[in-house]
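Notes for the one structure printed next.
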Amino acid sequence: MGTPEFAVPSLAKLVQDGHEVAAVFTQPDKPAGRGKHLQAPPVKAFALERGIAVHQPARIKTNEEVRAVFQSIAPDACVVAAYGKILPEWLLQIPRLGCINVHASLLPKYRGAAPINWAIANGERETGITIMQMDAGLDTGPMLAQRAIEIGEDETAPELSARLAEVGAELLSETLLLVERGEIEPVPQKNDEATYAPMLKREDGLIDWQMSAREIANRVRAFQPWPGTYTIFRGVRLMLWRARAASTLTLDGIKNVEPATIILIDKTSLTIACSGSSALRIEEVQIEGKRRMNARDFINGARLNVGDRIADSLFGDQQSG
RNA sequence: CGCGGGGUGGAGCAGUCUGGUAGCUCGUUGGGCUCAUAACCCAAAGGUCCCGGGUUCAAAUCCCGGCCCCGCAA
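Per numbering that gives the first Met the number 0, numbering of the first sequence is gapless, rising by one per residue and ending at 320.
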């Protein structure tokens with residue numbers, strides 16, 4: 000059971016390892032893109048290519064059909080990776096070996112829907128994969144295996160997600176083998192150390208220029224590809240695609256500049272004052288309705304000068320639509 | 001037919017409402033200045049104004065049709 004790109008390597012690994020994948024459950028196709036076509040989740044596309052049966056129930060908990068399918072399959076195990084739905088108690092109890100989840104954090108940290116994004120947003124240097132036995136709670140089940148990896152200094156969420164997906168597939172493969180042999184003792188999570196990584200909301204991407212440059216830069220990396228990190232500039236959304244905290248050398252004599260003000264323009268970037276005497280060096284942006292462009296092109300087109308403001312307000316709250 | 005923005009020398013944009021000389025910031029090329037420079041000064045090259053019709057003395061601009069890019073929404 001899984002839905003996005005993150006889940007594909009794990010499914011591929013299951014197939015490659017010779018496991019009999021009786022069925023794949025994934026989210027229903029959804030209208031996407033500019034027109035309104037239905038779009039198949041990545042996991043569905045992969046499964047169909049391999050000739051695996053695909054089920055896309057809108058609801059599970061009270062769905063008798065799903066229940067019947069599940070009971071007739073009577074799987075040894077159910078593997079879940081970023082499925083995007085809550086699994087009801089009755090389903091959790093059907094597989095002999097339980098429901099095994101591939102979660103992209105070092106549990107109990109970052110339980111929830113967006114562990115990768117929030118780990119980067121919070122400036123973590125390290126995250127990882129936890130393989131766990133699912134229970135009725137949200138990512139609260141006992142852990143079967145865990146593997147940590149470093150987060151790159153400039154690594155974005157899609158990049159980290161791709162790496163974690165591979166690590167997850169690998170660790171899943173190893174763990175499943177041990178589970179089949181009954182050689183793993185599940186380790187309960189320390190609930191008092193748990194933190195949550197809630198699903199991202201559009202507003203999470205709105206820049207608060209009262210934050211430090213480092214915090215903003217982290218969010219720029221973290222909230223890709225959605226909701227992005229943006230401010231409201233001349234009445235439209237201005238997305239920041241690449242930015243980093245400016246070196247302290249750049250900061251001389253800017254102590255009293257109001258946040259969101261341009262303090263430096265050079266060949267490839269523009270530097271914006273943030274709070275706490277920090278500054279954000281912006282290298283790639285995108286204006287609403289336009290393509291992504293490097294900072295130089297943006298400066299040329301928007302005719303920016305030092306002293307101009309990059310945000311209509313510090314919070315962008317005048318957008319309120 | 002979900003809503004909206006856009007397509008103008010190589011890049012990013014203005015000009016379009018109120019038809020009439022192709023503009024700005026860069027880049028490129030040549031020259032100059034300088035110990036030197038991606039800095040500065042001077043000069044030059046480079047455009048079917050997305051495509052096809054229509055209106056008009058005249059269309060980047062107005063009207064009709066089409067293609068393509070992007071944001072929102074989901």
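Backbone N, C-alpha and C define an ideal beta-carbon position, used for all residues, glycine too.
In three-state DSSP terms, what is Thr222? First, the amino acid is wrong: residue 222 is Phe here, not Thr. Note: Phe222 maps to coil in three-state DSSP.
Please determine, among Arg243, Pro107, Lys43, the residue with the shortest C-alpha to C-alpha distance to Pro366. Beyond the ends of the chain as shown, which are 0 and 320, falls residue 366; an answer cannot be given.
In angstroms, rounded to a whole number, what distance separates the CA positions of Ile271 and Ala216? In this structure, the straight-line span from the alpha carbon of Ile271 to that of Ala216 is close to 12 Å.
Evaluate Lys12 with the Cβ neighbour count: other Cβ atoms within 10 Å of its Cβ, from every protein chain shown; 16 or more gives buried, anything less gives exposed. Burial call: buried.
Please classify Asn293: does DSSP put it in a helix, a strand, or coil? strand
Near Gln209, what residues of its chain come up, given a Cβ to Cβ distance below 7 Å and the 5 sequence neighbours on each side ignored? Pro258, Ser274, Leu313
Closest by CA to Val178, which one among Ala301, Arg95, Ile148? Ranking the options by Cα distance to Val178, first place goes to Arg95.
Just to confirm before moving on: does the CB-CB distance between Leu79 and Ile99 stay below 8 Å? A small correction: the amino acid at residue 79 is Val; Leu does not occupy that position in the sequence shown. Cβ distance < 8 Å, so Val79 and Ile99 count as in contact.
Pick out whichever of Ala135, Leu159, Arg162, Thr174 has its Cα sitting closest to the Cα of Leu143. Thr174
Check: Asp75 C-beta below 7 Å from any heavy atom of the ligand GDP: Absence of the ligand GDP from the depicted structure is noted, as is the absence of any ligand whatsoever, leaving it without description.
Determine the direct distance from the alpha carbon of Val14 to that of Ala73, and round the result to whole angstroms. Going from the Cα of Ala73 to the Cα of Val14 covers about 18 Å.
Going by CA-CA distance only, name the one from Gly34, Arg33, Pro40, Ala52 that's closest to Val20. Ala52
According to DSSP, is Asn304 helix, strand or coil? coil
In its own chain, which residues sit with a C-beta less than 8 Å from the C-beta of Leu163, not counting the 5 before and 5 after it? Phe5, Ala103, Ile115, Thr126, Gly127, Ile128, Ile148
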